[in-house]
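Participant:
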Amino acid sequence: MNFIIKLFKIRESGLILINFLIILVLSIVFDNFLTSVNIFGILYSISVNSIIVGAMTILFISGGFDISVGAVHGFANVIVGLMMVKLGMPIPLAIFLTILIGATIGLFMGFIISFLNINPFFVTLAGYFAISSFMIIIAGRRSIGGFPEDFNLIASYKIANVPLIIIFSLISVLIFDILLRRNVFLRQNFAIGGNEPAAILAGVKVRTIKMFNYTMVSIMASIAGIFTASRSNSSSIIGVTENAFPIITAVIIGGASLKGGSGSVIGSFLGLIFVSVVYSSFIFLRLDIYWNKVALGLILIIVVLIDTRLRKEKNVRIR
45 MNFIIKLFKI RESGLILINF LIILVLSIVF DNFLTSVNIF GILYSISVNS
95 IIVGAMTILF ISGGFDISVG AVHGFANVIV GLMMVKLGMP IPLAIFLTIL
145 IGATIGLFMG FIISFLNINP FFVTLAGYFA ISSFMIIIAG RRSIGGFPED
195 FNLIASYKIA NVPLIIIFSL ISVLIFDILL RRNVFLRQNF AIGGNEPAAI
245 LAGVKVRTIK MFNYTMVSIM ASIAGIFTAS RSNSSSIIGV TENAFPIITA
295 VIIGGASLKG GSGSVIGSFL GLIFVSVVYS SFIFLRLDIY WNKVALGLIL
345 IIVVLIDTRL RKEKNVRIR
């Protein structure tokens with residue numbers, strides 16, 4: 045247990061080692077695990093969530109929380125299809141309006157949380173139910189198909205034989221990581237999450253930054269929803285609202301604290317890889333897919349317990 049705690053103290057390095065060890069064991073047990081097809085499969089499976097994870101990491105660092113991200117992702121997936129197929133909108137306009145609607149949702153929830161001081165868990169949980177229900181009302185329970193061929197190319201188009209969705213997701217992770225390390229505005233999230241009253245006294249525009257964070261998460265979730273619609277060549281409410289759990293799990297595994305003040309985008313991305321490797325291992329072991337969630341739930345509990353212990357140790361040292 046102490047060895048695991050030490051790994052978590054070095055964040056990204058620990059996750060790289062853990063991922064390497066798991067992949068090494070699986071590649072020894074299964075000859076066809078460590079293949080280019082499976083590696084690309086892992087990157088492809090996490091590509092949608094990778095688009096969102098950078099913004100979610102920054103939100104967690106500020107002490108925020110957003111469980112509605114899955115609903116926003118699903119809503120964007122449906123609304124972009126409705127605009128193109130039912131309303132006959134051009135692809136660029138449908139994409140722009142979808143992202144704008146997503147941004148408005150995030151801005152609204154961010155305003156309620158930041159300016160009305162309501163717990164983000166309850167606000168985003170209410171947002172999840174409201175958005176999911178509204179999505180069913182406007183789209184029904186049937187898939188929306190018949191997308192323009194050019195729209196389907198958004199996710200499937202390849203550069204150097206690599207799907208555009210993978211390239212975009214990796215660029216997204218890289219940009220958010222660089223901005224979080226070097227941008228003064230975004231780095232203030234560490235101060236907010238670490239000690240919000242002190243940040244306010246220091247002149248940090250806490251409310252504005254928090255509202256920006258929730259808006260950015262919804263924007264990235266909307267972009268991910270558009271990619272999902274393009275990748276699947278259809279818009280459906282089935283299974284598109286469930287990605288909040290793996291993203292939040294990855295962010296926490298990657299070093300972000302539920303209390304705020306810590307985290308890294310690269311760490312969260314490595315957390316996504318860890319989650320995907322766990323999923324893949326269950327497939328290779330031919331276990332029921334629902335055991336994945338049981339395993340990840342237990343892992344999440346362990347990670348939260350470790351994070352709590354590390355925070356207590358830090359507080360003791362400060363005193």
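Under the working numbering, the first residue of the sequence shown carries the number 45, and numbering increases by one thereafter. Ideal Cβ placement from N, Cα and C applies to all residues, glycine included. Bear in mind the structure is a predicted one, so any value in this text is a computation, not a measurement.
In three-state DSSP terms, what is Val248?
Facilitator: Val248: coil per DSSP, three-state reduction.
Participant: Quick one: grab the DSSP three-state call for Pro207.
Facilitator: It is a strand residue.
Participant: Looking only at its own chain, which residues have a Cβ that is under 6 Å from the Cβ of Met45, when we skip the five neighbours before and after it?
Facilitator: Because Met45 sits at a pLDDT of 49, beneath the cut-off of 50, its placement in the model cannot be relied upon, and the following sentence gives the value as read from the coordinates. Here the set comprises nothing.
Participant: Where Gly341 and Val322 are concerned, what is the direct C-alpha to C-alpha distance, given to the nearest angstrom?
Facilitator: About 12 Å.
Participant: Quick one, which of Leu245, Thr142, Phe109 and Ala174 has its alpha-carbon nearest Gly154's?
Facilitator: For Gly154, the nearest C-alpha among the options comes from Phe109.
Participant: Does the structure place the segment 66-79 close enough to the segment 187-195 that three or more beta carbon pairs sit under 8 Å?
Facilitator: Segments in contact, no.
Participant: DSSP puts Ile188 in a beta bridge; with which residues?
Facilitator: According to DSSP, Ile188 bridges with Ser279.
Participant: Is it true that the segment 90-98 meets the segment 304-314, where meeting means three or more beta-carbon pairs spaced less than 8 Å apart?
Facilitator: Judged by Cβ distances under 8 Å, the segment 90-98 makes contact with the segment 304-314, as three or more pairs qualify.
Participant: Is it buried or exposed for Lys254, if we count other Cβ within 10 angstroms and need 16 for buried?
Facilitator: So Lys254 ends up on the buried side.
Participant: In this structure, what does DSSP give as the bridge partners for Lys254?
Facilitator: For Lys254, which the question treats as bridged, DSSP gives no partner whatsoever.
Participant: What would DSSP say about Lys337, mapped onto helix, strand or coil?
Facilitator: Helix, per DSSP.
Participant: Are the CB atoms of Val228 and Leu103 within a distance shorter than 7 Å?
Facilitator: No, Cβ-Cβ distance for Leu103 and Val228 is not below 7 Å.
Participant: According to DSSP, simplified to helix, strand and coil, what is Lys356?
Facilitator: Residue state, collapsed to three classes: helix.
Participant: Quick check on the DSSP output: what are the complete alpha helix (DSSP H) runs of length 4 or more inside the segment 82-164, in order along the chain?
Facilitator: If we require 4 residues or more, the alpha helix (DSSP H) runs fully inside the segment 82-164 come out as 113-125 and 135-159.
Participant: Report buried or exposed for Tyr334, applying the criterion of at least 16 other Cβ atoms within 10 angstroms of its Cβ.
Facilitator: Classification for Tyr334: exposed.
Participant: For Ile244, I'd like the list of residues in its chain whose CB is within less than 7 Å of its CB, leaving aside the five on either flank, ordered along the chain.
Facilitator: Here the set comprises Val250.
Participant: Quick one: is Ala294 buried, meaning 16 or more other Cβ sit within 10 Å of its Cβ, or exposed?
Facilitator: Under this definition Ala294 is a buried residue.
Participant: For Leu78, report the span of its alpha helix (DSSP H) as first-last.
Facilitator: No alpha helix (DSSP H) contains Leu78, which DSSP labels as neither H nor E.
Participant: Within the same chain, show all residues whose beta-carbon is closer than 6 Å to that of Asp351, passing over the 5 residues directly before and after it, in chain order.
Facilitator: Cβ within range, chain order: Ser301.
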